[in-house]
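Undergrad: This is the structure, below, for whatever I ask next.
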Amino acid sequence: MDGQTPEAEARIEIDRQLEAAGWSVQNLKDLNLYASTGVAVREVQSEGGPADYMLFVEGKALGIVEAKKVGVNLSAVAEQSARYGKARDFIPQRWADPLPFLYESTGIETYFRDQRDPDSRSRLIFAFHTPEHLLELVQQPDTLRSRLRGLPELNTMSLRDCQIDAITKLEKSLSDNRPRSLLQMATGSGKTYTAVTQAYRLIKHAGAQRILFLVDRGNLGRQTVNEFQQYTAPDDGRKFTDLYNVQMLGPAGIDPVCKVTVSTIQRLYAQLTNRELDEEADEHSGYEGAGSTVGKEPLPVTYNPRIPIESFDFVIVDECHRSIYNLWRQVLDYFDAFLIGLITNWQKFLEDNQEEITALQILYNRPHAKRHLVYEELKALADAVGKPPYHIAPAEVWKAYEHLEKRPLTADPVKTLTNLISLVRHSVDPEHVPLAPFPELVEARFDQWLDEHGTRFSQPQVHWLRVIKDYIALNGAFATDEPEDYLEAWQSVDSGEGVPLAVAKRVFGEDPKAVIEELNTALIA
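What the sequence shown shows, in my numbering, is residues 828 to 1352, in sequence order.
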């Protein structure tokens, strides 16, 4: 592509992606709006200036694509796209005014916004939608996100309190247009029944066209299908499968008239990539079959015209705390859908063991527990999590939260054992305790503490305060309760300056134990 500007190079890739999704890409001088169902026309004049692409379906305009060079922050380009959507004087043949569908793309990243949504905002998508899908959307009287704000009151007759709470909070998340949600329910609390109840409400009351339910292995998929078959609609009295089609995904592919598709993630990946899947492989865990996947590259996925990104409105992921987000991230990101994760064992572990494990006693703020964690207690917690019957990898739970909450990815949370502190606290109170690596929280609190108290210390003392802060960030606390623990902690301090405690005493003029206790309280409370 020698001689091409960065934006021209981006347009070449955008052309390719539009064509893959079923659009005929044309120059204005070659205009033929009926060459195919969907036509993307370059450089069409509008009220806001020439639009990079204007999208026409069945001869009438309904969207805009704004092209930018790679590296541009697309979230800041949305208003420019919106200006180009106001063009009635230039393009009278249009489905709505302003044009409802706005895309911003670099060819590497693409954002999409439906201006008819309440509190409309752009979202990252894997590829462009098909013309047929946009035609279907533009002819609907309202949008899915509008309907999610008007769900009727929940019929609680056949539901437990924990199921009522889960559905109520999930629907609040969906009505707020949060693309990622996480349901944490203890083993035996009926999480699959809860998910089926939610699916029924989304189909009947929100007009969801298709829901994907991902499971760990084939036998769990068959159990899930059975749950749908046995479910009785509370307001109708008929079985779910008397009202809506439910399928276990097989070699024939996704049935477009099927409301719920149940699949293992390995089978879905095989169909996205046009590969054969050994039926026996479907009976083994796709989440954990190859052992830990922490640090492994996600399996590559490219756009498949047979399975457009709008194939599902909602994707429900069972047992999403496992390694699914490491290896299969691109499979989940493929669909332009709300993602709902289901977790049992992690929360169940916390509830079952908070009285027995010292670390959990501290994290749950038990009054009889010591104030701070030390590294050995965190190690004991990590070991207990990984043993039967839980078999949980904390780093994979962490990555599940990151993905569902759209938090920037942590480089490698498994390397910092103290991240268990942040993970447990976030799991217990996700609304008030943000997910962030423990060293990151310690650093922020240290900066704040130093702003307030830094004038008490000389520069050499501040240097040692930073050394102590780094130790706390990697070990959970600086042990001071027992003399032998205190001395052992100092022996592990990485300062590169002789005997650490001796040097620190000389710098502070006394044993710095009191200021260490002050830091423990300020940095990890």
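Just so it is clear, CB atoms sit at the ideal spot from N, CA and C, and this is done for glycine as well.
1) Pick from W1155, E963, E1106, M881: whose alpha carbon is nearest that of P925?
2) For W1317, which three-state DSSP category applies?
3) For V1355 and E1204, what's the separation of their Cα atoms in angstroms?
4) Report the partner residues of W850 according to the DSSP bridge assignment.
5) Does the distance from the C-beta atom of S1249 to that of L1268 stay below 8 Å?
6) Which whole-angstrom value is the C-beta distance of K1340 and Y1313, which I expect to be below 8 Å?
7) R1049 by DSSP, collapsed to three states: which one?
8) Tell me which residues share the same chain as D1321 and place their Cβ nearer than 8 Å to its Cβ, disregarding the 5 neighbours each side in the sequence.
9) Using three-state DSSP, classify P877 as helix, strand or coil.
10) What does the Cβ neighbour count give for Q1275, buried or exposed, with the cut at 16 atoms within 10 Å?
11) On a Cα-Cα basis, can you pick out the residue from V1255, I1351, G1303, T1237 that is closest to T1245?
12) Within 10 angstroms of its Cβ, does N1347 collect 16 or more other Cβ (buried), or is it exposed?
13) Can you give me the Cβ contacts of L1104 inside the same chain, cut-off strictly under 6 Å, excluding the 5 residues immediately before and after it?
14) What are the partner residues of I1038, as DSSP defines its beta bridges?
15) List, from N- to C-terminal side, the alpha helix (DSSP H) runs of 4 residues or more that fit wholly inside the segment 965 to 1036.
16) With C-beta atoms as the reference, is W922 less than 8 Å away from A878?
17) Am I right that I1167 and L1010 are in contact with their C-beta atoms under 8 Å? What's the rounded C-beta distance?
18) Express the C-alpha separation of Q1181 and L1292 in angstroms, rounding to a whole number.
19) Excluding the five sequence neighbours on either side, which residues of its own chain have a C-beta within less than 7 Å of the C-beta of L1042, listed in chain order?
20) Sort E1054, T1171, V1326 by Cα distance to S1254 and report the nearest one.
21) Please report the residue range of the alpha helix (DSSP H) in which T937 lies.
22) From the DSSP output, in three-state form, read off V871 for me.
23) Would you call the segment 1020 to 1036 and the segment 1050 to 1070 in contact, with 3 or more CB pairs under 8 Å?
24) Would you call V897 buried or exposed, if buried means 16 or more other Cβ atoms sit within 10 Å of its Cβ?
25) Can you list, in chain order, the stretches of the alpha helix (DSSP H) that have 4 or more residues and sit fully within the segment 1231 to 1289?
26) With DSSP as the reference, please indicate the residues paired to K1296 in a beta bridge.
27) Is DSSP giving K887 helix, strand or coil here?
28) Pick out whichever of F1265, V1158, I1143, L1328 has its Cα sitting closest to the Cα of T1243.
29) If you draw a straight line from the alpha carbon of A1349 to that of K1226, how long is it in whole angstroms?
30) Thinking L975 and Y938 are a contact (beta carbons under 8 Å), I'd like their distance in whole angstroms, please.
31) Can you tell me which of the three DSSP states A1306 falls into?
32) Straight-line CA distance for Q920 to Q1056?
33) Alpha carbon to alpha carbon, what distance is there between Y861 and A1026?
34) Report yes if the CB atom of K1018 is closer than 8 Å to the CB atom of L1262, and no otherwise.
35) Is it true that the CB of A1211 sits closer than 8 Å to the CB of I1184?
36) Return the chain-ordered list of same chain residues with a C-beta closer than 6 Å to the C-beta of E1054, the five sequence neighbours on each side being excluded.
TA: Concretely, from the data shown:
1) Working through the sequence shown from its first residue, we reach residue 925 at position 98. Ranking the options by Cα distance to P925, first place goes to M881.
2) Along the sequence shown, read from residue 1 onward, the residue named residue 1317 stands at position 490. Here W1317 sits in helix by DSSP.
3) Any question about residue 1355 goes unanswered here, given that the chain covers just 828 to 1352.
4) Here residue 850 refers to the residue found at position 23 of the sequence shown. Answer is G865.
5) Taking the first residue of the sequence shown as 1, we reach residue 1249 at position 422. Taking the first residue of the sequence shown as 1, we reach residue 1268 at position 441. Taking 8 Å as the Cβ cut-off, S1249 and L1268 qualify as a contacting pair.
6) Looking up residue 1340 in the sequence shown gives position 513. Looking up residue 1313 in the sequence shown gives position 486. 7 Å between Cβ atoms; contact.
7) The residue you call residue 1049 lines up with position 222 of the sequence shown. R1049: helix per DSSP, three-state reduction.
8) Taking the sequence shown and counting its residues from 1, the one referred to as residue 1321 is at position 494. Excluding sequence neighbours, D1321 sits near V1294, D1297, Y1298.
9) Residue numbering aside, residue 877 sits at position 50 when the sequence shown is read from its first letter. For P877, the three-state secondary structure derived from DSSP is strand.
10) Here the question's residue 1275 lines up with position 448 in the sequence shown. It counts as exposed.
11) Translated into positions along the sequence shown, residue 1245 becomes position 418. The candidate whose alpha carbon is nearest that of T1245 is G1303.
12) One-based indexing of the sequence shown puts residue 1347 at position 520. Buried, since its Cβ has 16 or more Cβ neighbours within 10 Å.
13) Position 277 of the sequence shown, counting from 1, holds the residue named residue 1104. For L1104, where only same-chain residues beyond five positions count, the Cβ hits under 6 Å are R1094, A1097.
14) Translated into positions along the sequence shown, residue 1038 becomes position 211. V1087, F1141, per the DSSP bridge assignment.
15) 971 to 974, 988 to 1002, 1018 to 1033
16) As a position in the sequence shown, residue 922 is number 95, starting the count at 1. As a position in the sequence shown, residue 878 is number 51, starting the count at 1. No, they are not a contact pair.
17) Along the sequence shown, one-based indexing puts residue 1167 at 340. Along the sequence shown, one-based indexing puts residue 1010 at 183. With a Cβ gap of about 7 Å, I1167 and L1010 count as contacting.
18) In the sequence shown, counting from the first residue as 1, residue 1292 sits at position 465. In the sequence shown, counting from the first residue as 1, residue 1181 sits at position 354. Their backbone Cα atoms lie some 33 Å apart in a straight line.
19) Within the sequence shown, residue 1042 is the residue found at index 215, counting from 1. For the record, residue 1042 in the displayed sequence is Val; it is not Leu. So the qualifying residues of the chain are G1048, T1051, V1089, T1091, D1145.
20) Here residue 1254 refers to the residue found at position 427 of the sequence shown. Among E1054, T1171, V1326, the Cα nearest to that of S1254 is on T1171.
21) Taking the sequence shown and counting its residues from 1, the one referred to as residue 937 is at position 110. For T937, there is no enclosing alpha helix (DSSP H); the residue is found in the beta strand (DSSP E) stretching over 937 to 941.
22) As a first step, residue 871 must be located in the sequence shown, where it is residue number 44. Residue state, collapsed to three classes: strand.
23) yes
24) Sequence index remark: in the sequence shown, residue 897 carries index 70 (1-based). With fewer than 16 Cβ atoms within 10 Å of its Cβ, V897 is classed as exposed.
25) 1246 to 1255, 1265 to 1280
26) Along the sequence shown, one-based indexing puts residue 1296 at 469. Its beta-bridge partners do not exist; DSSP assigns none.
27) Counting from one through the sequence shown, the residue named residue 887 turns up at place 60. In the structure shown, K887 sits in a strand (DSSP, three-state: E or B).
28) Here residue 1243 corresponds to residue number 416 of the sequence shown, with the count starting at 1. Among F1265, V1158, I1143, L1328, the Cα nearest to that of T1243 is on F1265.
29) Reading the sequence shown from its first residue, position 522 is the one you call residue 1349. Reading the sequence shown from its first residue, position 399 is the one you call residue 1226. Each residue's Cα considered, the two are about 27 Å apart.
30) Here residue 975 refers to the residue found at position 148 when the sequence shown is read from its first residue. Here residue 938 refers to the residue found at position 111 when the sequence shown is read from its first residue. Not confirmed; about 20 Å, so no contact.
31) Start at 1 with the first residue of the sequence shown, and residue 1306 comes out as number 479. Correct three-state label for A1306: coil.
32) The residue you call residue 920 lines up with position 93 of the sequence shown. The residue you call residue 1056 lines up with position 229 of the sequence shown. C-alpha separation (whole angstroms): 47 Å.
33) By one-based count along the sequence shown, residue 1026 stands at place 199. By one-based count along the sequence shown, residue 861 stands at place 34. Here the alpha carbons of Y861 and A1026 stand approximately 38 Å from one another.
34) As a first step, residue 1018 is located in the sequence shown; it is residue number 191 there, counting from the start. As a first step, residue 1262 is located in the sequence shown; it is residue number 435 there, counting from the start. No; because the gap between Cβ atoms is not below 8 Å, this pair is not in contact.
35) Walking along the sequence shown from the start, residue 1184 turns up at place 357. Walking along the sequence shown from the start, residue 1211 turns up at place 384. Taking 8 Å as the Cβ cut-off, I1184 and A1211 qualify as a contacting pair.
36) Position 227 of the sequence shown, counting from 1, holds the residue named residue 1054. So the list reads T1019, V1023, once near-sequence residues are dropped.
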